[in-house]
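Here is the structure we will look at, set down as C-alpha cells.
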Amino acid sequence: MKPVAFGYARAETVEEAIDLLAEEGREASVIAGGLSLGAMLNMRLVRPRIVLDINRVPGLDTIVAANGVVTTGALVRQVDAFRDPTIASHVPLLAHALPHVGHYQTRSRGTLGGSVAHADPSAEIPLALVTLGGAVVLRAKGRTRRVPAADFFLGVLTTAREENELLVALEWPTRRPRTVYAFDEIAQRHGDFAIAAVAVAAEVVPDGTLGHLALGLGGIEDRPIRIETAGYAGRRADASLAEAIAEDAASRVVPIVDLQANADYRRQLVRVLGRRVLAAAFEDAVRGA
Amino acid sequence: MIRVKPDERVRVSLVVNGRWLFGHAEPRMLLSDFLRHELKLFGTHVGCEHGVCGACTVEIDGRATRSCLRYAVQCDGATIRTVEGLAVGDTLTPLQAAFNRHHALQCGFCTAGILMSTTAFLAENPKPTEAEVRDMLSGHICRCTGYEQIVSAIMDVAHGGG
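Going line by line, the protein sequences match chains W and U.
Take 20 as the starting number for the first sequence in this note's numbering and just add one per residue.
Take 4 as the starting number for the second sequence in this note's numbering and just add one per residue.
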C-alpha cells in the first residue's frame, strides 16, 4: 500500500531534530533505517503528520568503547555493527543476535536504535540490550537522560521514550570475565519474527559451578524480559541445571498469544530452547573455565 | 533543516546506473514508485510494499536495500543501481547469464530484486558457501522455482565450472 500523505523534515543536527520534536511531539515520527516505520507507514498503521529523517545527522553512527561500556549511536546499521571488531570482541551477545535480525537486504539499512525505539516484543536487539542490562540514551531540549533497558520497554511497540525525546544512543555493558554469551531463536523461517528467542550470559567459575547468569527471553511476553536466576549461583553448571532453569522460566512466563503460536506452545519453546541454549553455554563455559 | 509539506512535490536528483537523473516526488512517494513512474525504469518490481517479498530490492549507495521502504525525498543525491544497470546492451552480466543457463526464473517477477541482492552480495563475498547463499536468498520470495535453480546459478557463477 501507499502511506497516507505526510510532511517531511530532514534534520542536519541533533538539535534541529529535538527542536522539531519539541514543536510537533506525537505528530512526528522519527525515521532512521525505516525498516519498521516504513512498513507501518505503507500499511497505514501509523499516520504521522510529519516524518523526521535523522539519516543525515552526523555523529550518530559511531561505536565507541570506554569505561566498560560500548556506546552505539542511534544510526549504526545492523550490518555495520555485525562487522565491527569492537562489537565482536566487547559485546559478543549482540554479535550473536544480529544474524537473526531480518535479512541481508534489511540489515544493510536497519539500525540498532530504530529496532529499540520500535520495541517489537520479538525483536532481537532489544532482547540483547535487556539481557546485558544496557541502557537507552534519550535527548530532549535542554536535557539528556539514560533509561535502563529493563525500564525502557513497556509493552508492544511501547517505550518510556517521551514524545519530545530522540533516542540518540544505546549503551552496552562490555563482556564480563569467564562469561559465555549465547543466542538462539525459533521462527517460521530464518529472519522472520521470532516466536521465541533466548539470550544467555553465563559465567562459570573455575570449579565448574555457575557464577553470574543472565537469561533473557524475547517473543514470549509483550516485551523482552529477564528471568530471575540469582538462586542458581553456586550450582554445578551442567545439563541438568540447564533443564531446571529452563523449566523454572517456562513456569513463570505469561506468554502472549498471536497467529503464530498459543501460550502453551510458547511456554514449551521456553522449556526446549532455554534448555538447549543454556546447556550449550554451560558446556562452552566449563571448557573455558 | 529541509521541510516539505505533505502535498508539495519537490525535485529529487540522483545518480541511477551511472547517470544523473531527476524527477519530482511528494514526501510519501516510495523510491520504488519514483523509479518506475518518474524515471520510467520499470525493471524494479513492486510486490508487497512492506519490505517482506524482496522484489523491489535495488542497490542504494552500494548496498542492497528495499526500495519500497525508502521515500524518494530521502534519496536526493544518492547513487542507485537497478536491474537496468546490469547488462550492457545485449551482453548479460555473468550472473544474469548463469540465471539464463540454469533456468533460475520462471515468471520473473522476483528476478530483478534477486539479481540486485546477489550482485551486491557477491561483490562483498565472491566465494560464498551454499548456506551463505541460501541465507542471503531468505530475504526474497520466489513462488515459481523452489529456489534450487537460483542457488545453482549463483554457486555456478561464484565457483565457476559451468
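A virtual CB, placed ideally from N, CA and C, is assigned to each residue, including glycine.
Residue i (DSSP reduced to helix, strand or coil)
i: residue 135/U; result: helix
i: residue 294/W; result: helix
i: residue 49/W; result: strand
i: residue 76/W; result: coil
i: residue 171/W; result: helix
i: residue 157/U; result: helix
i: residue 29/U; result: coil
i: residue 121/U; result: helix
i: residue 190/W; result: strand
i: residue 151/W; result: helix
i: residue 82/W; result: strand
i: residue 100/U; result: helix
i: residue 217/W; result: strand
i: residue 202/W; result: strand
i: residue 263/W; result: helix
i: residue 91/U; result: strand
i: residue 76/U; result: helix
i: residue 165/U; result: For residue 165/U, the predicted model reports a pLDDT of 47, less than 50, meaning its position is unreliable; a value from the coordinates is still stated below. If DSSP states are grouped into helix, strand and coil, residue 165/U belongs with coil.
First through last residue of the beta strand (DSSP E) which encompasses residue i
i: residue 155/W; result: 154-159
i: residue 39/U; result: It is not in any beta strand (DSSP E) - residue 39/U carries neither H nor E in the DSSP assignment.
i: residue 9/W; result: Residue 9/W lies beyond the stretch modelled for chain W, which goes from 20 to 308, so this question has no answer here.
i: residue 92/W; result: 88-92
i: residue 67/U; result: 66-69
i: residue 28/W; result: 26-29
i: residue 33/W; result: Segment 33-43 is the alpha helix (DSSP H) holding residue 33/W; no beta strand (DSSP E) there.
i: residue 245/W; result: 244-246
i: residue 84/U; result: 82-84
i: residue 7/U; result: 5-7
Selection from the options that minimises the alpha carbon distance to residue i
i: residue 149/W; options: 178/W, 123/W, 24/W; result: 178/W
i: residue 75/U; options: 129/U, 12/U, 28/U, 136/U; result: 28/U
i: residue 62/U; options: 98/U, 19/U, 32/U; result: 19/U
i: residue 252/W; options: 82/W, 224/W, 83/W; result: 224/W
i: residue 21/U; options: 78/U, 85/U, 161/U, 159/U; result: 85/U
i: residue 112/U; options: 79/U, 129/U, 47/U, 156/U; result: 47/U
Where the alpha helix (DSSP H) through residue i begins and ends
i: residue 123/W; result: 123-126
i: residue 104/W; result: 104-109
i: residue 137/W; result: 131-137
i: residue 58/W; result: 56-61
For residue i: DSSP bridge partner residues
i: residue 16/U; result: 25/U
i: residue 271/W; result: Per DSSP, none; premise fails for residue 271/W.
i: residue 61/U; result: 68/U
i: residue 222/W; result: 198/W
i: residue 69/W; result: 26/W, 47/W
i: residue 96/W; result: 130/W
In chain order, what residues of the region 168-197 of chain W put their CB closer than 8 Å to some CB of chain U? Residues: none.
With 9 Å as the limit, tell me which residues of the region 24-40 of chain U have their beta carbon closer than that to any beta carbon of chain W; keep them in chain order. Of all residues in the region 24-40 of chain U, only 29, 30, 31, 32, 33, 36 come within less than 9 Å of chain W when Cβ atoms are compared, listed by chain position.
When you check each C-beta in the region 29-59 of chain W against every C-beta of chain U, which residues fall closer than 9 Å? From the region 29-59 of chain W, only 29, 30, 31, 32, 35, 36, 38, 39, 50, 52, 53, 54, 55, 56, 57, 58, 59 have a Cβ closer than 9 Å to chain U.
Give the residues from the region 116-128 of chain W that approach chain U closer than 7 Å (Cβ to any Cβ), ordered along the chain. Taking 7 Å as the Cβ-Cβ cut-off against chain U, the residues of the region 116-128 of chain W that qualify are 122, 123, 124, 125, 127, 128.
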